[in-house]
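Right, one structure below, let's go through it.
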Amino acid sequence: PLISASRWLLKRGELHLLQSEESGIFRRGAGRLCYLFLFNDVLIITKKKSEESYTVMNYATLDQIMVEKIENTDHPPSPPPGKSGSSVPARGAASGHLFRVVMEKDSEGRREEIVLSAEMLSDRARWIAALMHREKAKPDTVPKGGTS
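Residue 278 in this note's numbering sits at position 133 of the sequence shown; the count goes up by one each step and never skips.
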């Protein structure tokens with residue numbers, strides 16, 4: 146179940162869903178805003194219905210999630226100050242700060258891959274760090290100070 150007494154919220158926020166696998170759940174949602182809830186053991190991807198309610202689009206336990214930063218090499222450099230053009234990326238545009246989330250097993254047991262866009266570079270960095278945090282939280286399996 147998604148509701149559990151042993152689950153707590155680590156991070157939540159709004160991101161742009163830019164791309165997903167053709168056959169996946171997110172196909173129709175590409176290009177839209179989505180709202181992520183990152184708990185200590187699960188990532189829940191939703192769309193906002195109203196100010197206080199959300200519809201779950203998909204979810205996966207954190208041990209089934211991989212995340213990677215996408216460097217945007219296609220984006221031309223910003224024009225120098227005083228020249229025409231805007232140096233501020235459009236909200237939700239592909240010029241945002243991208244990262245990929247791969248769910249090896251989603252809520253339906255399928256592999257799902259999505260590309261998300263954060264408005265700020267620091268937002269992307271915080272999301273990636275939060276999504277990868279569980280790897281550091283795992284206890285060491287190698288005993289320290291063991292005999293050899």
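For each residue, glycine too, the CB sits at the ideal point set by N, CA and C.
All of these numbers come straight from a predicted model, not from anything done at the bench.
Beta-carbon gap between residue i and residue j smaller than 8 Å
i, j, result
"GLU213", "PHE182", "no"
"HIS242", "MET211", "no"
"HIS161", "SER267", "no"
"ASN203", "TRP153", "no"
"GLN209", "GLU253", "no"
Segment limits, beta strand (DSSP E) that includes residue i
i, result
"ALA150", "Premise fails: ALA150 is in no beta strand (DSSP E) and is neither H nor E."
"ARG255", "Careful: ARG255 lies outside any beta strand (DSSP E) and carries neither H nor E."
"GLU361", "Since the displayed the chain opens at 146 and closes at 293, residue 361 lies outside it and no answer follows."
"MET265", "Neither: MET265 is in no beta strand (DSSP E) and is coded neither H nor E."
"ASN185", "First-last for ASN185: undefined, no H or E at that position."
"LEU207", "That residue, LEU207, is in no beta strand (DSSP E); it is neither H nor E in DSSP."
Cβ shell of residue i (< 7 Å), same chain only, five flanking positions each side left out
i, result
"ALA238", "Residue confidence for ALA238 is low, a pLDDT of 46 falling below 50, so the modelled location carries little weight; the figure read from the coordinates is stated next. Within the same chain, ALA238 has no close Cβ partners at all."
"THR304", "Since the first residue shown for the chain is 146 and the last is 293, residue 304 is missing from the structure and cannot be characterised."
Contact set for residue i: own chain, Cβ-Cβ below 6 Å, skip 5 residues either direction
i, result
"LYS156", "LEU183, ALA275"
"ARG269", "HIS242, PHE244, ALA263"
Distance between residue j and residue i (C-alpha atoms, nearest Å)
i, j, result
"TYR180", "TRP272", "12 Å"
"GLN164", "SER149", "30 Å"
"ARG106", "SER151", "In the structure as shown, the chain starts at 146 and stops at 293, and residue 106 therefore has no counterpart that could be examined."
"SER198", "GLU159", "14 Å"
"ILE259", "MET277", "16 Å"
"LEU207", "VAL246", "11 Å"
"LEU147", "ARG255", "18 Å"
Same chain only: Cβ atoms within 8 Å of residue i, ignoring 5 sequence neighbours per side
i, result
"ALA205", "VAL187, LEU188, MET248, GLU249, LYS250, ASP251, SER252, GLU257"
"ILE215", "LEU243, PHE244, ARG245, VAL260"
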